[in-house]
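The block underneath contains the structure these notes are about, expressed in structure tokens.
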Amino acid sequence: MGRQVLVFNCDEGIDVHSIGRIFVGLIQCGAWGCFDEFNRLDQSVLSAVSTQVQAIQDAIRSKSPTCKLASKNVPVDYNSAIFITLNPAGKGYGGRQKLPDNLKQLFRPVVMSVPDNELIAETLLYAEGFKDAKPLARKLVAAFNLSREMLSTQQHYDWGLRALKTVLRGCGDAIAINRDVGEAKIVVQTLMLNTLSKLTFADSKRFRVLLDDIFPDVDKSMIQLDELKEQLKKAGEEMKLNITDVQVTKIFELYEQLRQRMGVVVVGPSGSGKSTLWKVLRKALGHMNQPVDVYTMNPKSMSRTRLLGYMDVDTREWTDGALTMASRHVVRDTSKTAWIICDGDIDPEWIEALNSVLDDNKLLTMPSGERIQFGENVNFLFETDDLSHASPATISRMGMIFISEEDLDVHEIIKQYIKSNEDMPSGMPDWLEGIYPALSWLQSKQNRDLPACSRVGIIENILSQIYGCRSKNEFLVGLMRGLAPYVAPEARTELAEQVVFPGMVLPDQKNPTNIYCDRRTDALVSFTDDYGISIQVEEMQNENARPFIMTARAQAVQDTIMSWLKEGNRKPFVIVGPDGCGKEKLLKSCFQADHNSHVVIMHCGAQTSAEHIEQTLMQHCVQVSSAIGRVLKPKDKENLILYMKSPNLSKPDKYGTSMLVAYLQQILAYGGYYDKNLDWIGLENIQLVISVSFASGTERFVLPTRFMSPLRTVILDTPNEDELASIYAVYLTPILKEPLQSSARIEGIAASMVRVFEKVRATFRAGDQIHYTFTPLDLTKWTVALMRYEMKGDDVMSILNRCLIYEASRIFRDRFINIDHKSRFDHILLENFTGKFNLNVNIRNPYGTISFDKFRWQGIVCDEQEGLCDANGKVYQSFWYVPISNRILLAREGFATCPKI
Numbered sequence: 009m010g011r012q013v014l015v016f017n018c019d020e021g022i023d024v025h026s027i028g029r030i031f032v033g034l035i036q037c038g039a040w041g042c043f044d045e046f047n048r049l050d051q052s053v054l055s056a057v058s059t060q061v062q063a064i065q066d067a068i069r070s071k072s073p074t075c076k077l078a079s080k081n082v083p084v085d086y087n088s089a090i091f092i093t094l095n096p097a098g099k100g101y102g103g104r105q106k107l108p109d110n111l112k113q114l115f116r117p118v119v120m121s122v123p124d125n126e127l128i129a130e131t132l133l134y135a136e137g138f139k140d141a142k143p144l145a146r147k148l149v150a151a152f153n154l155s156r157e158m159l160s161t162q163q164h165y166d167w168g169l170r171a172l173k174t175v176l177r178g179c180g181d182a183i184a185i186n187r188d189v190g191e192a193k194i195v196v197q198t199l200m201l202n203t204l205s206k207l208t209f210a211d212s213k214r215f216r217v218l219l220d221d222i223f224p225d226v227d228k229s230m231i232q233l234d235e236l237k238e239q240l241k242k243a244g245e246e247m248k249l250n251i252t253d254v255q256v257t258k259i260f261e262l263y264e265q266l267r268q269r270m271g272v273v274v275v276g277p278s279g280s281g282k283s284t285l286w287k288v289l290r291k292a293l294g295h296m297n298q299p300v301d302v303y304t305m306n307p308k309s310m311s312r313t314r315l316l317g318y319m320d321v322d323t324r325e326w327t328d329g330a331l332t333m334a335s336r337h338v339v340r341d342t343s344k345t346a347w348i349i350c351d352g353d354i355d356p357e358w359i360e361a362l363n364s365v366l367d368d369n370k371l372l373t374m375p376s377g378e379r380i381q382f383g384e385n386v387n388f389l390f391e392t393d394d395l396s397h398a399s400p401a402t403i404s405r406m407g408m409i410f411i412s413e414e415d416l417d418v419h420e421i422i423k424q425y426i427k428s429n430e431d432m433p434s435g436m437p438d439w440l441e442g443i444y445p446a447l448s449w450l451q452s453k454q455n456r457d458l459p460a461c462s463r464v465g466i467i468e469n470i471l472s473q474i475y476g477c478r479s480k481n482e483f484l485v486g487l488m489r490g491l492a493p494y495v496a497p498e499a500r501t502e503l504a505e506q507v508v509f510p511g512m513v514l515p516d517q518k519n520p521t522n523i524y525c526d527r528r529t530d531a532l533v534s535f536t537d538d539y540g541i542s543i544q545v546e547e548m549q550n551e552n553a554r555p556f557i558m559t560a561r562a563q564a565v566q567d568t569i570m571s572w573l574k575e576g577n578r579k580p581f582v583i584v585g586p587d588g589c590g591k592e593k594l595l596k597s598c599f600q601a602d603h604n605s606h607v608v609i610m611h612c613g614a615q616t617s618a619e620h621i622e623q624t625l626m627q628h629c630v631q632v633s634s635a636i637g638r639v640l641k642p643k644d645k646e647n648l649i650l651y652m653k654s655p656n657l658s659k660p661d662k663y664g665t666s667m668l669v670a671y672l673q674q675i676l677a678y679g680g681y682y683d684k685n686l687d688w689i690g691l692e693n694i695q696l697v698i699s700v701s702f703a704s705g706t707e708r709f710v711l712p713t714r715f716m717s718p719l720r721t722v723i724l725d726t727p728n729e730d731e732l733a734s735i736y737a738v739y740l741t742p743i744l745k746e747p748l749q750s751s752a753r754i755e756g757i758a759a760s761m762v763r764v765f766e767k768v769r770a771t772f773r774a775g776d777q778i779h780y781t782f783t784p785l786d787l788t789k790w791t792v793a794l795m796r797y798e799m800k801g802d803d804v805m806s807i808l809n810r811c812l813i814y815e816a817s818r819i820f821r822d823r824f825i826n827i828d829h830k831s832r833f834d835h836i837l838l839e840n841f842t843g844k845f846n847l848n849v850n851i852r853n854p855y856g857t858i859s860f861d862k863f864r865w866q867g868i869v870c871d872e873q874e875g876l877c878d879a880n881g882k883v884y885q886s887f888w889y890v891p892i893s894n895r896i897l898l899a900r901e902g903f904a905t906c907p908k909i
């Protein structure tokens, strides 16, 4: 005798109508309905559900033949019953609600007590055929209890009954295969295989000591899967990988967890080889005639509805999501192994919807009431670097493979590089040995302003810079450029002189990082500032045509960027630097030299989403069919450069993940995305270029390490005071050359402007007021603003000085919030201009007459109380007027064009 029990996993996607349809079916067929994770329903749904539950219970209690549900009478089977299970809201269980009081009263509470693990273990071991089940169960449970107490506390550790049952199930499988091995040895080997996989490097040592105490006379060697080991070596050779013994052990652990668990998490820091594990295992299983179908996705790269599907509110029509569609595919053929790989951040918003999939039910319940039953051929594999938002309910359901940084040997990355590049110079293997001491030195000198990057990412950055080098000097320059972005600015000279070029005489001792290797002579040469460029007034008027002045520092960065735009070495990269340092201008100059690429610029903001990128790609690419499916290729030229400005402005969700960044991360890792029709779209010949500022501010968010690691990195610093003075002397020359007739005077004015800018930036910080952010863009505005004026006559210097003071006041002074700040600015400004030119100027009213462009008019007084009036007192009511506390003289026609009013 038995009852049919139907399990439904609840989540936010189930509304009142969906759960009402489930209730109608239950009370008609007489089944029991078990609603798992019931308090994950929305608060409004929980309140409405109480009415439906009460109607069902009243009908069963009164033996009524019908019950009114969803506006219709439904026949009642009195064997029907409703049960709910839930974890408490809070206490690490995210995405859950407290049950309303009226709903609580409809259910009898049953509190689960702590189970007797020893008795359960003893019973299961006896059932599997163990003769010494009682002492082995006692020792096994003791190992779990001591591990909970002695090992460190980690989010991904689980020492509960589910973990114990996994070990017991593994013991049963092992003894069924070979009964000649001692029972204690089987228990120890299975315990090690299932437990060491999730331990940190330090805890794994403690756990081995603990096992020596509990099982003193038992062999502690790991289980060796000889057939799989041979295929792993073969797969590694095909993939040009050096599979280490640690990685082989981790792959064994992953293989065992996939056999025993529905869901497995591979967790570890970026660059630790998580993806490598399952890719090598998949290829090895293919050699063993066990092909594996793989469905990869980043769950946070798309909306929840595109991931899990949704039901139309009006038509009640169900539309699949990427995950549910993949689930339908994998259950069609139960003879073929399939992995659904979710590579991205884990949070309760989507992972909790899979709770009934990951436990013994192996059942996916959709809001439409449809259920997908998975077989033994399906596994869910999750890859992430952080489980801080995963609830204990999720942790206990999944097998864990933890990879620590100590498990990865950076020497293997260099060996792989040597193996895959056969045409390199004969001395390259010896030169590459210099990377290891440089990495050791870098650990204490890292740039804390830069978003964190993994060791593998740093090595890949170096290797991208030594592409095509033919001499040791070229290699050393590439090594320095690859390391420099991750080094603190004050330590870069030490990097060049003591780490990369020890004992060598560098061409520029003051700026040792601004060097390159001349291929013709194989000599180290220093870049020199290029200030000899001739600029026309028309170029200064047009922002897009305004040339970028190449300082020595900028030329070194340009050389670095151009190496990533070469065919054969095209890499996605990010240029990092403070606001206004010239990142966009420098990139555009580099893109102009790349004639095979079309550039698309995207300006990101807080609301920029993955759909915006998808639309941009569809506009500039053509879709073609290939052997791997649908592919987007550039429409106009051979390559497409997608240049994204400030993706770190995209606002993350409450779990700290930005959908935009996750989308880009999926493109970098897998070269494609899921479109709105849930088709996988591959990308070909599309290069991602990003520019970000690391300036502090609430509007900018830290880019995750997993996103930064696959990006090559270069830093562009703000020019120093001398460089700024030279740059703006070049910019001022076409504007002031005719009225001043002296390059020395122009250089002096540029130097004074830069001194004012530097003093203002040093005196007023963004920490005082968030809008006290001053960049070289302000200097550019100050310079360009001088083109509004016509400076002629005998007193040109006086007019110029007044114009400089006025424009500086509008650009800088108007930002200050109180009299004290304005007075400090006035002092800075006047000591650099009026004192220098022996002028007595009232900064509040520096003009008697001012001319705009080609016109000269009698000044108009802007008075806070009188409005606009001319010299005779006539008021101009037709002008748009903004009250200003200071009296400012403006030209009548010029007033409408002044951007500051």
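Numbering follows this note's numbering, with no gaps: position 3 of the sequence shown is 11. Think of the CB as a built atom: it goes at the ideal place given N, C-alpha and C, for glycine as much as any other residue. All values derive from a computational prediction rather than experimental measurement.
Problem set entry | Bridge partner(s) assigned by DSSP for E391 | DSSP lists V274 and D351 as partners of E391.
Exercise. Starting from R269 and walking both ways along the beta strand (DSSP E), at which residues does that stretch end?
Worked result: Per DSSP, R269 lies in no beta strand (DSSP E) and is assigned neither H nor E.
For this session: Give me the Cα-Cα distance between K767 and M626, rounded to the nearest whole angstrom.
Result: In this structure, the CA atom of K767 is about 48 Å from the CA atom of M626.
Exercise. Where does the unbroken beta strand (DSSP E) through K76 begin, and where does it stop?
Worked result: Where K76 is concerned, the enclosing beta strand (DSSP E) stretches over T74 to L77.
Problem set entry | Residues bridged to N17 [DSSP beta-bridge criterion] | DSSP, once it has assigned bridges, lists D44 as partnering N17.
Exercise. When burial is assigned at 16 or more other CB atoms within 10 Å of the CB, is D227 buried or exposed?
Worked result: The residue is exposed, with fewer than 16 neighbouring Cβ atoms inside 10 Å.
Exercise. What is the residue span of the beta strand (DSSP E) that C37 lies within?
Worked result: C37 -> not in any beta strand (DSSP E); alpha helix (DSSP H) instead, spanning V24 to C37.
Problem set entry | A129 beta carbon less than 8 Å from that of L148 | The answer is yes: Cβ separation under 8 Å.
Exercise. Which residues mark the beginning and the end of the beta strand (DSSP E) in which K653 is found?
Worked result: Per DSSP, K653 belongs to the beta strand (DSSP E) from N647 to K653.
For this session: Using the Cα positions of L219 and Q674, report the straight-line distance between them to the nearest angstrom.
Result: CA-CA distance, L219 to Q674, rounds to 41 Å.
Problem set entry | Backbone secondary structure at V669 - three-state DSSP | V669 falls in the helix class under three-state DSSP.
Exercise. For R638, which residues from the same chain have a beta carbon less than 8 Å from its beta carbon, with the 5 sequence-adjacent residues on both sides left out?
Worked result: Leaving aside the five residues that flank R638 on each side, the residues in its chain whose CB is nearer than 8 Å to its CB run, in chain order, Q631, V632, D687, W688, I689 and G690.
Exercise. With DSSP run on the structure shown, which of helix, strand or coil describes A97?
Worked result: Residue state, collapsed to three classes: coil.
Exercise. Going along the chain, which residues of its own chain have a beta-carbon closer than 7 Å to the beta-carbon of I259, five neighbours each way excluded?
Worked result: Here the set comprises L240, L285, V288 and L289.
For this session: Can you tell me which of the three DSSP states F702 falls into?
Result: Looking at F702 - three-state DSSP - the assignment turns out to be coil, as it is neither helix nor strand.
Problem set entry | Counted within 10 angstroms of its Cβ, other Cβ atoms place I636 as buried (16 or more) or exposed | I636 is exposed by the Cβ-count criterion.
Problem set entry | Whole-angstrom C-beta distance between S462 and S278, which should lie under 8 Å | With 8 Å as the limit, S278 and S462 qualify as a contact, their Cβ atoms being about 4 Å apart.
Exercise. Which partner residues of I90 appear in the DSSP bridge assignment?
Worked result: Within the DSSP secondary-structure output, I90 pairs in a beta bridge with G41.
Problem set entry | Nearest-angstrom Cα separation, counted from E45 out to T726 | Cα to Cα, T726 sits roughly 54 Å from E45.
Exercise. Which runs of the alpha helix (DSSP H) spanning at least 4 residues fall entirely within the region 201-274, listed in chain order?
Worked result: Here the runs fully enclosed are 209-222, 234-246 and 253-268.
Exercise. What residue range is occupied by the uninterrupted beta strand (DSSP E) comprising M408?
Worked result: For M408, the enclosing beta strand (DSSP E) has its first and last residue at G407 to F410.
Exercise. Over what stretch of residues does the beta strand (DSSP E) that includes S534 continue unbroken?
Worked result: Where S534 is concerned, the enclosing beta strand (DSSP E) stretches over A531 to S534.
Exercise. Where DSSP assigns a beta bridge to P642, which residues make up the other side?
Worked result: C629.
Problem set entry | Cut-off 7 Å between Cβ atoms - residues of its own chain near K80, not counting five sequence neighbours on either side | The beta carbon of K80 lies closer than 7 Å to none in the same chain, with the five residues before and after it left out.
Exercise. Can you give the Cα-Cα distance for E575 and V697, rounded to whole angstroms?
Worked result: In a straight line, the C-alpha of E575 is about 15 Å away from that of V697.
Exercise. So the alpha helix (DSSP H) W167 belongs to, where does it begin and stop?
Worked result: From DSSP, W167 is part of no alpha helix (DSSP H); its letter is neither H nor E.
For this session: Quick one: residues in its chain with C-beta nearer than 6 Å to the C-beta of T781, no 5 flanking neighbours on either side, listed in chain order?
Result: Cβ within range, chain order: A774.
For this session: Output yes or no for whether 8 Å exceeds the beta carbon distance between E914 and N202.
Result: Since the first residue of the chain shown is 9 and the last is 909, residue 914 is not available in this structure.
Exercise. So is Y86 buried or exposed if we call it buried at 16+ other beta carbons inside 10 Å?
Worked result: Flag for Y86 reads exposed.
For this session: From the DSSP output, in three-state form, read off K908 for me.
Result: In this prediction, K908 scores a pLDDT of 36, lower than 50, which makes its location untrustworthy; no coordinate-derived value is stated.
For this session: Return yes when the C-beta of I27 is under 7 Å from any heavy atom of the ligand NAP, and no when it is not.
Result: What this structure holds is no ligand at all, so the ligand NAP is not there to describe.
Problem set entry | Through-space distance from D822 to G856, alpha-carbon basis | Caution applies to G856, whose pLDDT of 42 falls short of 50 and renders its modelled position unreliable; the value that the coordinates give is listed next. Taking the straight line joining both Cα atoms gives about 21 Å.
Exercise. For N656, does the three-state DSSP call read helix, strand or coil?
Worked result: In the structure shown, the three-state DSSP call for N656 is helix.
Exercise. Tell me which same chain residues have a C-beta within less than 6 Å of the C-beta of F16, skipping the five on either side of it?
Worked result: Excluding positions up to five away in sequence, the list reads F43 and T373.
Exercise. Hey, would you say E357 sits closer than 8 Å to R312, going by beta carbons?
Worked result: Yes, the Cβ-Cβ distance between E357 and R312 is below 8 Å.
For this session: Would you kindly report the start and end of the unbroken alpha helix (DSSP H) that includes C811?
Result: Where C811 is concerned, the enclosing alpha helix (DSSP H) stretches over V804 to I819.
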